[in-house]
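Notes for the one structure printed next.
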Amino acid sequence: MKTMKAVCIYAFGGPEVLVYEDAPRPRPGKGEILVRVHAAGINPVDWKIREGHLEEMLHHTLPLVLGWDVSGVVEALGSGAGRFRVGDEVFSKPDIARDGAYAEFIVIKESEVALKPKSLDHIHAAALPLAGLTAWQTLFDAGGLSSGQRVLIHGAAGGVGSLAVQLAKWKGAQVIGTASAHNHEFLRKLGVDQVIDYDTERFEDVIQPVDVVLDTRGGEIQERSWKVLKRDGILVSIASPPSAEVAKTRGMRQAFVFTQPNAPQLAEIAKLADAEKLKVIVETILPLADATRGQELSERGHTRGKIVLRVID
Ligand SMILES: NC(=O)c1ccc[n+]([C@@H]2O[C@H](COP(=O)([O-])OP(=O)(O)OC[C@H]3O[C@@H](n4cnc5c(N)ncnc54)[C@H](OP(=O)(O)O)[C@@H]3O)[C@@H](O)[C@H]2O)c1
Numbered sequence: 000m001k002t003m004k005a006v007c008i009y010a011f012g013g014p015e016v017l018v019y020e021d022a023p024r025p026r027p028g029k030g031e032i033l034v035r036v037h038a039a040g041i042n043p044v045d046w047k048i049r050e051g052h053l054e055e056m057l058h059h060t061l062p063l064v065l066g067w068d069v070s071g072v073v074e075a076l077g078s079g080a081g082r083f084r085v086g087d088e089v090f091s092k093p094d095i096a097r098d099g100a101y102a103e104f105i106v107i108k109e110s111e112v113a114l115k116p117k118s119l120d121h122i123h124a125a126a127l128p129l130a131g132l133t134a135w136q137t138l139f140d141a142g143g144l145s146s147g148q149r150v151l152i153h154g155a156a157g158g159v160g161s162l163a164v165q166l167a168k169w170k171g172a173q174v175i176g177t178a179s180a181h182n183h184e185f186l187r188k189l190g191v192d193q194v195i196d197y198d199t200e201r202f203e204d205v206i207q208p209v210d211v212v213l214d215t216r217g218g219e220i221q222e223r224s225w226k227v228l229k230r231d232g233i234l235v236s237i238a239s240p241p242s243a244e245v246a247k248t249r250g251m252r253q254a255f256v257f258t259q260p261n262a263p264q265l266a267e268i269a270k271l272a273d274a275e276k277l278k279v280i281v282e283t284i285l286p287l288a289d290a291t292r293g294q295e296l297s298e299r300g301h302t303r304g305k306i307v308l309r310v311i312d
């Protein structure tokens with residue numbers, strides 16, 4: 000049996016349950032491809048799954064390889080797989096219910112894969128799929144954001160936020176973003192029109208009403224966000240489902256998004272990256288064997304852009 004280096008969990012828990020080891024190399028089935036992983040992005044969902052928070056919904060089988068952001072090269076095709084050729088450079092946000100990309104190889108349904116943006120190396124391409132699709136599906140699919148509208152993005156300097164800012168600007172929207180002071184200059188350079196310091200200002204006191212709120216935080220930030228929405232505006236959350244009752248009472252709308260794999264949207268995102276409309280910010284690059292350190296950094300909650308694991312030099 001062929002093996003590969005991988006970071007797996009055999010039980011749910013803290014960072015100590017992550018095991019860097021030799022694992023069986025997966026084989027592609029019908030409609031699937033085997034990808035040699037060059038880089039794997041780290042997302043907060045990785046450590047949330049590691050801690051067991053999503054098990055009621057996902058029912059993973061252990062051991063499980065973590066990590067659902069990947070850039071790499073097609074190594075082999077399963078039966079009936081014909082969208083790609085061996086040797087193609089691809090990227091993906093694969094199905095979160097299956098083994099992930101903290102490994103030298105991953106099997107992915109080819110319907111979840113797109114060609115990697117040519118202008119990005121694997122490290123930057125691996126930072127893009129999950130956060131990019133999240134930004135796209137929240138702002139455009141759920142939020143219906145259009146040119147001339149105003150959007151408030153909470154956590155604008157993070158993985159999702161930094162891409163959402165740029166997608167919203169590309170769409171022609173006016174963007175208000177929240178962050179702590181050390182990210183203000185960064186956000187202005189990214190294109191944010193109004194930067195709010197969440198430590199010293201209450202956003203609801205200082206901004207004009209908006210059409211869309213992208214809530215990456217939940218809790219009291221979500222509660223306070225109703226106050227800044229226009230009538231018929233929409234609160235889109237990726238943190239926790241907003242109250243349908245409150246939305247109805249206020250004459251507003253709400254949506255909760257759980258990001259889905261989507262190859263056509265990934266291809267659009269790749270085009271934008273190649274056209275230099277999307278800059279991918281990678282704050283930290285670590286070797287695969289340091290996945291534990293990567294997750295600990297992510298858990299601190301102050302990543303600027305993304306953390307990425309380098310699998311092949
Ligand atoms: N539902 C879904 O499908 C889905 C998809 C993707 C992500 N998510 C969730 O969405 C959240 C954001 O994801 P992410 O990848 O963007 O996370 P991330 O990259 O870890 O976010 C870090 C950013 O959050 C900012 N931040 C921390 N505290 C803040 C506060 N009180 N107010 C505003 N910003 C604050 C930090 O800015 P400062 O350093 O300036 O504080 C930092 O730049 C996570 O909980 C993730 O699990 C859900």
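Under numbering that gives the first Met the number 0, residues 0 to 312 are what the sequence shown spells out, in order.
Every residue gets a Cβ at the ideal spot worked out from N, C-alpha and C, and that includes glycine.
Query: With distances taken from CA atoms, which of Leu151, Val89, Gly51 and His181 is nearest Arg216?; Result: Leu151
Query: Thinking C-alpha only, which one of His301, Asp312 and Ile311 is nearest Glu42?; Result: First, the amino acid is wrong: residue 42 is Asn here, not Glu. Comparing Cα-Cα distances from Asn42 to each of His301, Asp312 and Ile311, the minimum goes to His301.
Query: Taking the DSSP output, what are the residues bridged to Tyr19?; Result: Val6
Query: Quick one: using the 10 Å Cβ neighbour count with 16 as the cut-off for buried, is Gln136 buried or exposed?; Result: buried
Query: In its own chain, which residues sit with a C-beta less than 7 Å from the C-beta of Leu325, not counting the 5 before and 5 after it?; Result: Given a span of 0 to 312 for the chain in the structure shown, any question on residue 325 remains unanswerable.
Query: Bridge partners for Arg149 per DSSP, in chain order?; Result: Gln173
Query: In the DSSP output, what is Asp196 paired with across the bridge?; Result: Ala178
Query: Going by C-alpha to C-alpha distance, which of Arg82, Glu54, Ala125 and Arg97 sits closest to Gly36?; Result: At residue 36 the sequence reads Val, which differs from the Gly that was named. The option with the nearest alpha carbon to Val36 is Ala125.
Query: Rounded to whole angstroms, how far is the Cβ of Ile280 from the Cβ of Val307, which I believe are closer than 8 Å?; Result: At roughly 11 Å, the Cβ-Cβ gap does not stay under 8 Å, so Ile280 and Val307 are not in contact.
Query: Would DSSP call Thr386 helix, strand or coil?; Result: Residue 386 cannot be examined here, being either before or after the span of the chain that is shown, 0 to 312.
Query: Can you determine whether any heavy atom of ligand 1 sits closer than 7 Å to the C-beta of Pro241, and answer yes or no?; Result: no
Query: For a test of your reading of the model: does the CB of Thr258 fall under 7 Å from any non-hydrogen atom of ligand 1? Yes or no.; Result: yes
Query: Alpha carbon to alpha carbon, how far is Asp94 from Ala10? Give it in angstroms, no decimals.; Result: 20 Å
Query: When the Cα of Gly77 is compared with those of Tyr19, Arg223 and Pro25, which residue comes out closest?; Result: Pro25
Query: Determine the direct distance from the alpha carbon of Gly51 to that of Leu61, and round the result to whole angstroms.; Result: 11 Å
Query: Which stretch, first to last residue, makes up the beta strand (DSSP E) that contains Lys229?; Result: Leu228 to Ser236
Query: Return the Cβ separation of Ala163 and Leu138 in integer angstroms, given the expectation that the two are a contact with Cβ distance under 8 Å.; Result: 6 Å
Query: Does the Cβ of Pro14 lie closer than 7 Å to at least one heavy atom of ligand 1?; Result: no
Query: Where Gly40 and Leu127 are concerned, what is the direct C-alpha to C-alpha distance, given to the nearest angstrom?; Result: 8 Å
Query: Sort Leu296, Gly12, Arg309 and Glu267 by Cα distance to Leu287 and report the nearest one.; Result: Arg309
Query: Give the range of the beta strand (DSSP E) segment to which Lys305 is assigned.; Result: Lys305 to Arg309
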